[in-house]
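Okay, structure first, notes after.
Next up, the structure:
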């Protein structure tokens, strides 16, 4: 079928997949659902916006897909076009067919991220994408795969060889060599590289794929490939991985950024991502839905589904097999340390309000003063003993001279954050602590509150605490360990989960919450850990410091109520 309009494209497997996800006919997690919703909205909008959908490219890809045959499996010998699963078509079509309206030759997406479990055809999919691009990209293009070692990097080459060798219609357009594959029709070359054996610098990559990104020691190979594409019109990078037993690797960073982009928290218009993983990881033992969210191919191939169910049963009974199942088949990143996200976005959303009346409230203030060139935060919280609600507000401070650099690195519009009153640029290349101190001292007059005390982390705050004390405020050091932080950290989490926390709309503070990770000790006590977190959490840390002072009062209030109940 030739796809010329939206009307007949609705019959394409990619469109049907997106439609099935949005209509709940296909099991998918929150992030995949949002991506599908955005796709349908964009394609239905037609010419509106900065990008357009290239139906001519869809037709070229569809035509080639009929000439490349399946090298193995139950559909061996059949055209790949009629064998690809819906989610595989959805990935290809999005990655390659959106173009910039101002430059019809330039693809929209420069980076595509795919987090998906084993046995979901990721190597097969990537091999086919490379065959497509070798035939479609300009002459003399260079293609690379990068991976931790040559064996992993060569898996894609091996898959391409299989697809080419069983496809008579395209076989004569390729020359397979020991270390590379040459497309004789375009004089383009694909070559696998290994970070352990090959330097990445000095290469010019039109397209690259980084496979098993979670196993890379660092993101040097990705950065080197991206840097090489500076003067390429259609620079394209594809990052693919399952999860790994580490929370600190390049893929966790990519997944964190992609999740925030999908949910509209940061701006990354040139990144496309499909993150196949469970919404409720703790239900992995019993929920078939969570299994399917991480393994979309299992919904289409019964044998794969049966295999995964059997592997799950073994993992439930055999702890030594559990980590492998969680990482490779459920796409749950795990670590030797007990770590977990502090709070879920859905729970936090329930606590967001348009406005809080601060006039006349008693508040405690929290300070988290960072190094002089990093973000600093101030928070104030109030407790209502009648409703038992906590009310919170926080602000970030950053060096004005670093605004552009911070916006680029963190994918945040700090200028916009400042306009909304969520963050303040103070100082030039370093934080102006005097401006932060002045802000704290003006809280009472600005908001009509009564500051009962100020909790602070002594790191970088000794001088500021002394000045606040001299100004008549009670400044209390909050010890930054489990004993000092756990009660307030637990209080804030429980208030959020119980719907007893309110905060005014603040995208930056929300991001801080979603970045936050906690570490559990042997007693199951926990506290925020900045090093383990996936971004800035200073606003949450400041709020915890303020709540450490409230926590003592709330506990005392509970004891008094208990004594009164006994007397009655």
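Residue numbers (our numbering): 143 to 710. Ideal Cβ positions, reconstructed from N, Cα and C, are used throughout, including at glycine. None of the values given here were measured: they were computed from a predicted structure.
Mind checking whether residue i and residue j have CB atoms under 8 Å apart?
i, j, result
"residue 658", "residue 484", "yes"
"residue 466", "residue 384", "no"
"residue 507", "residue 582", "yes"
"residue 169", "residue 441", "yes"
"residue 251", "residue 414", "yes"
"residue 348", "residue 388", "no"
"residue 396", "residue 255", "yes"
"residue 670", "residue 686", "yes"
"residue 511", "residue 602", "yes"
"residue 201", "residue 144", "yes"
"residue 521", "residue 675", "no"
"residue 299", "residue 332", "yes"
"residue 194", "residue 243", "yes"
"residue 361", "residue 392", "yes"
"residue 241", "residue 412", "no"
"residue 236", "residue 151", "no"
"residue 227", "residue 423", "no"
"residue 239", "residue 184", "no"
"residue 321", "residue 386", "no"
Could you pull out every residue in the same chain whose Cβ sits closer than 6 Å to the Cβ of residue i, ignoring the five residues on either side in sequence?
i, result
"residue 148", "none"
"residue 264", "258 and 382"
"residue 569", "541"
"residue 192", "243"
How long is the line joining the alpha carbons of residue i and residue j, rounded to whole angstroms?
i, j, result
"residue 271", "residue 234", "7 Å"
"residue 445", "residue 644", "48 Å"
"residue 513", "residue 694", "29 Å"
"residue 353", "residue 367", "13 Å"
"residue 204", "residue 317", "23 Å"
"residue 650", "residue 402", "12 Å"
"residue 575", "residue 584", "14 Å"
"residue 460", "residue 628", "32 Å"
"residue 634", "residue 355", "35 Å"
"residue 482", "residue 475", "10 Å"
"residue 448", "residue 269", "26 Å"
"residue 291", "residue 580", "55 Å"
"residue 604", "residue 593", "19 Å"
"residue 417", "residue 371", "25 Å"
"residue 307", "residue 323", "12 Å"
"residue 398", "residue 351", "19 Å"
"residue 279", "residue 429", "43 Å"
"residue 696", "residue 530", "9 Å"
"residue 273", "residue 302", "7 Å"
"residue 314", "residue 451", "42 Å"
"residue 464", "residue 165", "33 Å"
"residue 214", "residue 443", "14 Å"
"residue 496", "residue 198", "46 Å"
Here's a check: name, in chain order, each residue in its chain whose Cβ is nearer than 8 Å to the Cβ of residue i, leaving out the five neighbours to either side.
i, result
"residue 556", "540, 545, 548, 549, 565 and 567"
"residue 678", "517, 538, 552, 653, 654 and 657"
"residue 186", "148"
"residue 176", "404 and 405"
"residue 498", "533, 535, 644, 645 and 646"
"residue 221", "207, 208, 209, 210, 211 and 212"
"residue 554", "408, 409, 548, 650 and 653"
"residue 295", "287, 288, 289, 334, 335, 336 and 353"
Assuming residue i and residue j are in contact, meaning their beta carbons sit under 8 Å apart, how far apart are those beta carbons, in whole angstroms?
i, j, result
"residue 471", "residue 223", "Not really, about 28 Å apart at Cβ, beyond 8 Å."
"residue 419", "residue 400", "Wrong, their Cβ atoms sit about 11 Å apart, outside the cutoff."
"residue 492", "residue 647", "That pair is no contact at about 13 Å."
"residue 519", "residue 681", "4 Å"
"residue 328", "residue 281", "5 Å"
"residue 345", "residue 286", "7 Å"
"residue 638", "residue 490", "6 Å"
"residue 509", "residue 684", "6 Å"
Among residues of its own chain, excluding the 5 on either side of residue i, which ones have a beta-carbon nearer than 7 Å to its beta-carbon?
i, result
"residue 617", "596, 598, 607, 610 and 611"
"residue 619", "598 and 600"
"residue 500", "589, 590 and 591"
Within 10 angstroms of the Cβ of residue i, are there 16 or more other Cβ atoms? Answer buried if so, exposed if not.
i, result
"residue 359", "exposed"
"residue 335", "buried"
"residue 376", "buried"
"residue 154", "buried"
"residue 527", "exposed"
"residue 719", "Any question about residue 719 goes unanswered here, given that the chain covers just 143 to 710."
"residue 453", "buried"
"residue 249", "buried"
"residue 230", "buried"
"residue 379", "buried"
"residue 293", "exposed"
"residue 523", "buried"
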